[in-house]
Amino acid sequence: MIIYSCKNIFTAKEGVDTAIDGYFAVEDGIITAVGENPIPADLKEKAEKVEHFEGTICPGFIDAHTHLVHGGARENELQMKLAGKSYIEIHNAGGGINSTVRSTRETSHADLKKKALKHLDTMLIHGTTTVESKSGYGLDMDTEIKCLEVNKEINEEHPVDIVPTYMGAHATPPEFKGNKDGYIKYMIEEVMPEVKKRGLADFVDSFCEDEIFSVEETERVMQGAKDLGFNLKVHADEIVPFNGAELAAKMGAVSAEHLMAVSDQGIKDMAKAGVTAVLLPSTSFFLMSPIYAPAKKMIEEGVRVAIATDFNPGSSPTENLQMSMWVACFKMKLTPAQILRGVTLNAAHAVKREKTVGSIEVGKQADFVVFDAKNIDFIVYHLGVNSVSKVFKNGELVVDERRVVYKK
Ligand code: NIG
Ligand code: FE
Numbered sequence: 177m178i179i180y181s182c183k184n185i186f187t188a189k190e191g192v193d194t195a196i197d198g199y200f201a202v203e204d205g206i207i208t209a210v211g212e213n214p215i216p217a218d219l220k221e222k223a224e225k226v227e228h229f230e231g232t233i234c235p236g237f238i239d240a241h242t243h244l245v246h247g248g249a250r251e252n253e254l255q256m257k258l259a260g261k262s263y264i265e266i267h268n269a270g271g272g273i274n275s276t277v278r279s280t281r282e283t284s285h286a287d288l289k290k291k292a293l294k295h296l297d298t299m300l301i302h303g304t305t306t307v308e309s310k311s312g313y314g315l316d317m318d319t320e321i322k323c324l325e326v327n328k329e330i331n332e333e334h335p336v337d338i339v340p341t342y343m344g345a346h347a348t349p350p351e352f353k354g355n356k357d358g359y360i361k362y363m364i365e366e367v368m369p370e371v372k373k374r375g376l377a378d379f380v381d382s383f384c385e386d387e388i389f390s391v392e393e394t395e396r397v398m399q400g401a402k403d404l405g406f407n408l409k410v411h412a413d414e415i416v417p418f419n420g421a422e423l424a425a426k427m428g429a430v431s432a433e434h435l436m437a438v439s440d441q442g443i444k445d446m447a448k449a450g451v452t453a454v455l456l457p458s459t460s461f462f463l464m465s466p467i468y469a470p471a472k473k474m475i476e477e478g479v480r481v482a483i484a485t486d487f488n489p490g491s492s493p494t495e496n497l498q499m500s501m502w503v504a505c506f507k508m509k510l511t512p513a514q515i516l517r518g519v520t521l522n523a524a525h526a527v528k529r530e531k532t533v534g535s536i537e538v539g540k541q542a543d544f545v546v547f548d549a550k551n552i553d554f555i556v557y558h559l560g561v562n563s564v565s566k567v568f569k570n571g572e573l574v575v576d577e578r579r580v581v582y583k584k
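Counting from 177, one number per residue, gives the positions in the sequence shown under my numbering.
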């Protein structure tokens, strides 16, 4: 057993919004005791070693919304964005999701895996120890399975835990152009059963948005997923108000994500149904949008709010969750405690892992981050640099002085 002690530990325990001057014990990768300093003598006696850290400790970050596995990059869209073209205009001009679909189809399993592992290392260096990872840049059976298999392998080979999501309803692929109903049928009757059979996804997500999938179409996808036993997520009200949050509540989704254009009714419905809101401030920032999800209002109305990167090549090409945290503070006006809760315990709820990760509490995985910051405010205040000094995953040191140190 090892005991770690620090003057500032943000445990993320429900209801505790300040850091404690405390300690926690770790045995076989699991937290076995947590408390305020001083460390009780009998516990100290049993410890192999007591390690004291300067700075601030938080639970490992959980990035609850990413599109991690994809081919290529889309910096070619930057000039169009600067010229004022909208996300949907770029999408309709053959850019956007479908251009990444082309690259992902062309990229081999091995190359996709190599690329995803590199992104994962970058995430880990910035404090992320659990990542939700959506497919949805393959769309056809073979490429979706290829991407989900990559997720499975990197989950086994890399210290970061992957929560896999099937997101065939990300766009209608070219082979189903003009036949969205056919594509929905294909997903429900062919792809989803195969994904389920192979155990390749915990969740099914859909992009409910004007010109992408209507509320009625999304509902069909969600119902098909539910019937097969998947948990549900939905990309809701990202660009225009669309009753996506209302649909998430109605269908019993675990989370609704984006929500920049959520309605008042949608907020109320989510609070009532216990749907976690996953907000993606770096996406608003990157889309050069003045509109951010009404995070404060949601919290006031009793919605559990998580913050994630939305890491993807088109609307949020950053692996760094701290980027989303800065924007959550300076654009959404969330407090550091609200933000840290949003990337830890609330994010764990968004991926249904709240029993095992997301806080420094007895019985949870010893996933934690040591920050080069004198208090929790400073983590968010120190802008534009990586504040992480060390990362522990299941009790093992995996990042030291901003470099990965796990065995490859
Ligand atoms: O979450 N909203 C849908 N999908 C991504 C964007 C994907 C892309 O542009 O490639 C998102 O923002
Ligand atoms: Fe997304």
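Using N, Cα and C, we set each Cβ at its ideal position, and we do this for glycine too.
What you are looking at is a predicted structure, and each value in this text was computed from that prediction instead of being measured.
Original post:
Which stretch, first to last residue, makes up the beta strand (DSSP E) that contains N184?
Top reply: Boundaries of the beta strand (DSSP E) harbouring N184: I178 to I185, taken from the DSSP string.
Original post:
By the 10 Å Cβ neighbour count, where 16 or more other Cβ atoms means buried, how is L573 classified, buried or exposed?
Top reply: In the assembly as shown, L573 is an exposed residue. Its beta-carbon has fewer than 16 other beta-carbons within 10 Å.
Original post:
Looking at the structure shown, is P457 part of a helix, part of a strand, or coil, going by DSSP?
Top reply: Residue state, collapsed to three classes: helix.
Original post:
Count the other CB atoms within 10 Å of the CB of F568; is the residue buried (16 or more) or exposed (fewer)?
Top reply: The residue in question, F568, is buried, as its Cβ has 16 or more Cβ neighbours within 10 Å.
Original post:
Got a sec? Which residues, its chain only, sit under 6 Å from P512 by beta carbon, not counting five neighbours each side?
Top reply: Cβ within range, chain order: I552, D553 and V556.
Subject >> Close beta carbons around A249, own chain, < 6 Å, minus the five adjacent residues each side >> reply: Here the set comprises P489.
Subject >> Neighbour-count burial assignment, P369, 16 or more Cβ in a 10 Å radius >> reply: Counting of Cβ neighbours within 10 angstroms places P369 among the exposed residues, the total staying below 16.
**OP:** Keeping to the same chain, check which residues put their C-beta closer than 6 Å to that of G314; ignore five residues upstream and five downstream.
**Re:** Contacts found: T280, E320 and C323.
Original post:
Where does I515 fall in DSSP's three states?
Top reply: The answer is helix: DSSP assigns I515 an H, G or I state.
**OP:** Report the rounded CA-to-CA distance for V226 versus L219, giving the unit in angstroms.
**Re:** Whole-angstrom Cα-Cα distance: 10 Å.
Original post:
Can you name, in chain order, every residue of its own chain whose Cβ lies under 7 Å from the Cβ of L435, other than the five neighbours on each side?
Top reply: Taking L435 as the centre and dropping the five residues before and after it, the same chain places the C-beta of A412, D413, A421, A453, L455 and A469 closer than 7 Å to its C-beta, in chain order.
Subject >> Residue range of the alpha helix (DSSP H) that includes P369 >> reply: Its alpha helix (DSSP H) spans residues M368 to K373.
**OP:** Compare the Cα-Cα distances from I388 to each of T520, G272 and V503 and report the closest residue.
**Re:** Considering only alpha carbons, the answer is G272.
**OP:** Locate the beta strand (DSSP E) running through K225, then write down its first and last residues.
**Re:** For K225, the enclosing beta strand (DSSP E) starts and ends at K225 to P235.
**OP:** Taking only heavy atoms of the ligand NIG into account, decide whether any of them is closer than 8 Å to the Cβ of P235.
**Re:** When distances are taken from the beta-carbon of P235 to the heavy atoms of the ligand NIG, even the shortest one reaches 8 Å or more.
**OP:** Please name the residue in I207, G198 and F186 whose C-alpha comes closest to that of M177.
**Re:** Here the closest residue by C-alpha is I207.
Original post:
Cβ-heavy atom distance between L244 and the ligand FE below 8 Å?
Top reply: Look at L244: its beta carbon is at least 8 Å from all of the heavy atoms in the ligand FE.
Subject >> Within 9 Å, strictly: CB atoms of I185 and C234 >> reply: A contact, by the Cβ cut-off of 9 Å.
**OP:** Take A425 and list the residues in its own chain whose beta-carbon comes closer than 6 Å to its own, dropping the five residues that flank it on each side.
**Re:** Sequence-distant Cβ neighbours of A425 in its own chain, meaning closer than 6 Å and more than five residues away, are D445, M446, A449 and V451.
**OP:** Have a look at V581 and V575 and give me their C-alpha separation to the nearest angstrom.
**Re:** So the two alpha carbons sit approximately 5 Å from each other.
Original post:
Within 8 Å: the Cβ of H267 and any heavy atom of the ligand FE?
Top reply: For the ligand FE, not one heavy atom lies less than 8 Å from the Cβ of H267.
Original post:
Regarding N252 and the ligand NIG, is the C-beta to nearest heavy atom distance less than 8 Å?
Top reply: The answer is no for N252.
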